[in-house]
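Notes for the one structure printed next.
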């Protein structure tokens, strides 16, 4: 998973504050995926983005969560008015192509651990 | 809705022996399956995959077996090495769909 950068690695927010998580994909990758891992649970898909487009956001909570992947700069996962239940590890992954039958690899970043106090 | 299940949260094996990690799924639309390995404080790393047109895929010490009728797949590591100690996630997705579902993971410990 070398090359996919996420920052910060640890983020502490009080209830009601905003959290911004950043993901810089591997060089040459134009597809970004965000996942959330709640304690004792597996990774859960949140959103899939290409440059300037949201392709699939079926895993995103309906409120308070948003994501973007601008033409320049990292992808941002934004959580407004955080609550304790948002505490989790958030992983970003990137790939150079859309997921498909034979090209189904995603390279993960180290994750951002969000703690809401 | 846990569509991908790894029922064993942990597994301990002796170095040199075989490690078998199991995964069950419920969604018959899944047709691509992957295993990821995760070390503490790192992101998951892709390990091996298999599509539904196959029942076995081998890569070095790692072999994945798929039993479509039972909706079951397994990862075999032989011989196991202490460096294999990590959490292993099973993942599945429908063809051409980005909604990859992960299991909860199995922590493998390989004792020297």
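Protein chains in written order, with this note's numbering: chain A, 1 to 117; chain B, 1001 to 1112. We put the CB at the ideal spot given by N, CA and C, even for glycine.
Below-8 Å beta-carbon distance, residue 21(A) vs any chain B residue: Not an interface residue.
Interface residues of the stretch 57 to 76 of chain A facing chain B [CB-CB below 8 Å]: Within the stretch 57 to 76 of chain A, contact with chain B at the beta-carbon level (separation under 8 Å) is assigned to 58, 59.
Rounded C-alpha distance that separates residue 34(A) from residue 1069(B): Going from the Cα of residue 34(A) to the Cα of residue 1069(B) covers about 31 Å.
Assumed close pair residue 21(A), residue 112(A) - CB separation to whole angstroms, cut-off 8 Å: The Cβ separation is near 5 Å, so the contact holds.
Beta strand (DSSP E) segments (min. 3 residues) lying fully within the stretch 1062 to 1094 of chain B: Here the runs fully enclosed are 1062 to 1067, 1072 to 1077, 1086 to 1094.
Rounded separation between residue 1016(B) and residue 1082(B) - CA only: Using only the alpha carbons, I get a separation of about 9 Å.
Contacts around residue 9(A), its chain only, beta-carbon distance under 8 Å, and the 5 residues preceding and following it disregarded: These residues qualify, in order along the chain: 110, 111, 112, 113.
8 Å Cβ cutoff, residue 1029(B) in contact with chain A: Judged by the 8 Å Cβ criterion, residue 1029(B) is not in contact with chain A.
Distance, residue 32(A) Cα to residue 1003(B) Cα: Their backbone Cα atoms lie some 23 Å apart in a straight line.
Nearest-angstrom Cα separation, counted from residue 1050(B) out to residue 6(A): Distance between the alpha carbons of residue 6(A) and residue 1050(B): 28 Å.
CB contact check: residue 1102(B) to chain A, cutoff 8 Å: Closer than 8 Å: yes.
Where the beta strand (DSSP E) containing residue 38(A) begins and where it ends: In the DSSP annotation of this structure, residue 38(A) is not part of any beta strand (DSSP E), being labelled neither H nor E.
Below-8 Å beta-carbon distance, residue 28(A) vs any chain B residue: So no, residue 28(A) is outside the interface.
C-alpha distance - residue 1080(B) paired with residue 1034(B), whole-angstrom precision: Taking the straight line joining both Cα atoms gives about 19 Å.
Near-chain A residues of the stretch 1037 to 1058 of chain B - C-beta to any C-beta below 8 Å: Taking 8 Å as the upper bound on Cβ-Cβ separation, chain A lies near residues 1041, 1042, 1043, 1044, 1045, 1046, 1049, 1051 of the stretch 1037 to 1058 of chain B.
Three-state class that DSSP yields for residue 84(A) in the structure shown: If DSSP states are grouped into helix, strand and coil, residue 84(A) belongs with the helices.
Whether residue 79(A) touches residue 65(A) by CB criterion (8 Å): Residue 79(A) places its beta carbon less than 8 Å from that of residue 65(A).
is_contact[residue 1004(B), chain A] using C-beta, thresh 8 Å: Residue 1004(B) counts as touching chain A.
Nearest-angstrom Cβ-Cβ length linking residue 1052(B) and residue 1073(B), presumed shorter than 8 Å: Between residue 1073(B) and residue 1052(B) the Cβ distance is about 10 Å, and since that is not below 8 Å, they are no contact.
Beta strand (DSSP E) segment containing residue 58(A), residue limits: No beta strand (DSSP E) contains residue 58(A), which DSSP labels as neither H nor E.
Interface residues of chain A facing residue 1089(B) [CB-CB closer than 7 Å]: Result: 42, 43.
Among 97(A), 85(A), 27(A), 12(A), nearest to residue 74(A) - alpha-carbon criterion: In terms of CA proximity to residue 74(A), 27(A) leads the group 97(A), 85(A), 27(A), 12(A).
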